[in-house]
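Each remark here refers to the structure printed beneath this line.
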Amino acid sequence: MARKNLIVGNWKMNSNHLEAIQMLQKLHYRLDPNDYDRVDVGVAPPFTSLRSVQTVIEADHMSIQLAAQNTHFEEKGAFTGEVAPSMLAKLSVHFVIVGHSERRQIFGETDDWVNRKAKAVFAHGMTPIVCVGETLEEREAGSAFDRVGSQIRLSLTGLSAEQIGSAVVAYEPIWAIGTGRTADPADAQEMIEFIRAQLSQQWGGTADDTRILYGGSVNPGNIGAIMAKKDIDGGLVGGASLDPDTFASVVRYWI
Ligand code: 13P
-17 MARKNLIVGN WKMNSNHLEA IQMLQKLHYR LDPNDYDRVD VGVAPPFTSL
33 RSVQTVIEAD HMSIQLAAQN THFEEKGAFT GEVAPSMLAK LSVHFVIVGH
83 SERRQIFGET DDWVNRKAKA VFAHGMTPIV CVGETLEERE AGSAFDRVGS
133 QIRLSLTGLS AEQIGSAVVA YEPIWAIGTG RTADPADAQE MIEFIRAQLS
183 QQWGGTADDT RILYGGSVNP GNIGAIMAKK DIDGGLVGGA SLDPDTFASV
233 VRYWI
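According to our numbering, numbering within the sequence shown proceeds without interruption in unit steps and concludes at 237.
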């Protein structure tokens, strides 16, 4: 099955709900209906903007897909400050980012938690975007492939072959996030090819369907070279997704 390209804007902790609506509307205005034939487009606003963004997407029949930046894996209960997957599903959330490196590094999320989150996302009919990526020290020490391989194994364990085929994986080398330092497209391709090989070793041919994105200082100037690589199916975009003009240029990478 041919993999459709996917570009998701991760707005991180930026935008209140009014700003989020404006960003969404500007983005929609700048994209051509035909663009969506070529690439699926998603935005991941903060939790407090999900409802507003969902309402505008539905009212204006936009093809933009709604994504959440995180979820808890429990159904409900005494977990102050957390949001349950069922709450996201009720907002017609399509994708949920799990295991972003900022969650792993700043908030101490483990591979086991990421795994539980990925399973919970599937259990509620949504699609996880499972993030993996090595630190600069690991890259320099030559252990990047070991690290990412183990993140893939532990974060995805217990998922079915069918789930692996529909999951999204994002390779985001930590040293490239928010630093302006993009991975060389050839290095990104090498790691993403390795990730696909790991998936197919464990889950078989269904790994050919898994969309694998690159993330880390993606911008309109480098997206073309990244998308030209055969195993890279799209991008997870931080800073460059905050300005609708810039993000639209990333989405329309072939122009
Ligand atoms: P930047 O594009 O700002 O480097 O962020 C990447 C990222 O973390 C997307 O999830």
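The beta carbon of each residue, even a glycine, is placed where N, CA and C say it ideally should be.
Query                                                                                                                                                                       : Result
Quick check: is any heavy atom of the ligand 13P less than 7 Å from the C-beta of His10?                                                                                    : no
Run through DSSP, which three-state label would Asn201 get?                                                                                                                 : coil
Put Val23 into one of helix, strand or coil per three-state DSSP.                                                                                                           : strand
Any heavy atom of the ligand 13P inside 7 Å of the beta-carbon of Ile159?                                                                                                   : yes
Across the stretch 76 to 84 and the stretch 33 to 41, are there enough close Cβ pairs to call them in contact, namely three or more that are closer than 8 Å?               : no
How big is the Cα-Cα spacing for Asn(-2) and Ala71?                                                                                                                         : 21 Å
Drop a sphere of 10 angstroms on the beta-carbon of Pro155, count the other beta-carbons inside from all chains shown, and report buried for 16 or more, exposed for fewer. : buried
For the ligand 13P, I want to know if Gly206 counts as a neighbour, meaning its beta carbon is within less than 7 Å of at least one of the ligand's heavy atoms.            : no
Report the rounded CA-to-CA distance for Ser64 versus Arg98, giving the unit in angstroms.                                                                                  : According to the sequence displayed, residue 64 carries Glu and not Ser. Glu64 and Arg98: Cα-Cα distance of roughly 14 Å.
Just to check, is the beta-carbon of Asn52 closer than 7 Å to a non-hydrogen atom of the ligand 13P?                                                                        : no
What is the DSSP secondary structure of Leu73, reduced to helix, strand or coil?                                                                                            : coil
Got a sec, what are the start and stop residues for the beta strand (DSSP E) Tyr153 sits in?                                                                                : Val150 to Tyr153
Compute the minimum distance between the beta carbon of Ser231 and the heavy atoms of the ligand 13P, and state whether it is under 7 Å.                                    : no
Give the straight-line distance between the Cα atoms of Met173 and Leu118, rounded to the nearest whole angstrom.                                                           : 14 Å
Please report the distance separating the alpha-carbon of Gly275 from that of Met5.                                                                                         : As shown, the chain starts at -17 and ends at 237. That puts residue 275 outside it, with no answer to give.
DSSP state of Gly107, grouped into three classes?                                                                                                                           : coil
Take Glu40 as the anchor and find which of Ile3, Ala100, Asp166 and Ala207 has the nearest alpha-carbon.                                                                    : Ile3
When we look at the beta-carbon of Arg163 and count the other beta-carbons within 10 Å, is it buried (16 or more) or exposed?                                               : exposed
Quick test of your reading: Val219 and Asn(-8), contact by CB under 8 Å. State the CB separation rounded to the nearest angstrom.                                           : 7 Å
Give the C-beta separation of Met108 and Phe77 to the nearest angstrom, bearing in mind that I take them to be a contact with Cβ-Cβ under 8 Å.                              : 7 Å
Is it buried or exposed for Ile205, if we count other Cβ within 10 angstroms and need 16 for buried?                                                                        : buried
Let me check you understand the geometry: is the CB of Gly203 closer than 7 Å to at least one non-hydrogen atom of the ligand 13P?                                          : no
Among Pro27, Lys(-6) and Lys58, which has the Cα closest to the Cα of Ala49?                                                                                                : Pro27
For Val65, which three-state DSSP category applies?                                                                                                                         : coil
Can you check whether the CB of Glu116 is closer than 8 Å to the CB of Ala126?                                                                                              : yes
Can you check which of these residues, Glu122, Arg(-15), Ser137 and Ala149, is closest to Pro110 by C-alpha distance?                                                       : Ala149
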